[in-house]
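Numbering (this note's numbering), first residue to last: 28 to 310.
Cβ atoms here follow ideal geometry from the backbone N, Cα and C, with glycine treated the same way.
Here the structure is laid out as structure tokens; the discussion comes afterwards.
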């Protein structure tokens with residue numbers, strides 16, 4: 028059967044993609060950011076997942092205020108990189124494992140999760156940046172080493188789903204994957220954050236202490252972490268810090284006890300705290 032072997036938590040700062048695409052990752056400002064992903068890339072090569080279930084949020088490219096689904100599951104054959112105002116990122120097209128994606132869609136709906144099924148969708152930096160930092164530079168004529176199933180979560184327009192809802196969704200995703208009758212190594216990504224605010228009087232806010240406590244809780248106390256209320260994200264990690272609820276989908280899909288393989292935290296990248304953690308199931 029298919030199995031989820033590990034989870035990755037990762038920021039998806041758009042400027043990180045720009046730095047990679049323009050070849051400036053060795054500049055003094057960017058070098059510490061990418062230094063922290065060297066071990067991650069080696070680990071990815073060793074693990075060599077067949078499929079990545081990637082939880083991210085759209086930034087008003089696939090969706091706008093006219094239609095904002097809470098959970099949108101990509102079931103198309105492939106997903107083109109979106110033009111976010113300066114042309115699509117020069118990265119490979121994202122290719123799906125359609126049979127597994129369709130199986131997950133059916134399983135989640137029957138498990139009483141209301142999922143929007145996307146048979147056409149472009150993907151923005153929220154999805155492509157995590158792939159880039161974990162795999163390194165890839166040109167458009169190459170392929171990502173793994174197939175990717177996107178799950179887009181609304182954290183742009185309030186109300187966003189609760190951490191508890193996301194955590195339980197992760198458990199349902201695991202049940203779906205493990206009921207799929209094919210031998211697949213599946214990895215799950217939870218992306219977004221960490222602390223940052225992009226507007227008004229607290230623009231530029233970064234709370235490193237809170238971020239590190241969050242990483243500890245995701246590893247050691249996932250249930251407690253899933254109970255963090257929206258107001259705490261807003262107060263402690265900024266208006267965009269609520270993106271971290273997506274990490275709970277990743278954590279819910281893993282074992283209760285996990286092994287931390289790697290952690291990276293750096294401030295700043297653009298005006299955001301970059302957070303990253305790799306968790307493996309012990310079994």
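Between the alpha carbons of residue 201 and residue 34 lies a distance of about 12 Å. In the displayed model, residue 292 falls within a strand according to three-state DSSP.
Per DSSP, the unbroken beta strand (DSSP E) holding residue 213 starts and ends at 212-218. By the Cβ neighbour-count rule, residue 107 is exposed, with fewer than 16 other Cβ atoms within 10 Å of its own. Apart from the 5 residues on each side of it in sequence, residue 178 sits with its Cβ closer than 6 Å to the Cβ of 82, 100 in its chain, given in chain order.
The alpha-carbon separation between residue 169 and residue 117 amounts to approximately 10 Å. In this structure, residue 31 sits away from residue 199, with a CB-CB distance that is not shorter than 8 Å.
Distance from residue 67 to residue 161 at the Cβ level is roughly 6 Å; contact confirmed, criterion being Cβ atoms closer than 8 Å.
The continuous alpha helix (DSSP H) containing residue 43 extends over residues 41-48. Taking a cut-off of 8 Å for Cβ pairs, the region 55-64 and the region 245-264 do not touch, as fewer than three such pairs fall below it.
Contact between residue 294 and residue 235 holds, with the beta-carbon distance rounding to 6 Å and staying under 8 Å. In summary, residue 251 is exposed, with fewer than 16 beta-carbon neighbours lying within 10 Å of its beta-carbon over all protein chains present. Looking at the DSSP output, residue 83 bridges to 179. In terms of Cβ geometry, residue 174 and residue 78 form a close pair [threshold 8 Å]. Relative to the Cα of residue 167, the nearest Cα in the group 80, 115, 308 belongs to 115. Note on geometry: alpha-carbon atoms of residue 285 and residue 308 lie some 5 Å from one another. Secondary structure note for residue 155: its alpha helix (DSSP H) is the uninterrupted segment 152-162. Straight across, the Cα-Cα distance linking residue 143 with residue 45 is about 30 Å. When the Cα atoms are used, residue 241 and residue 282 turn out to be separated by approximately 18 Å.
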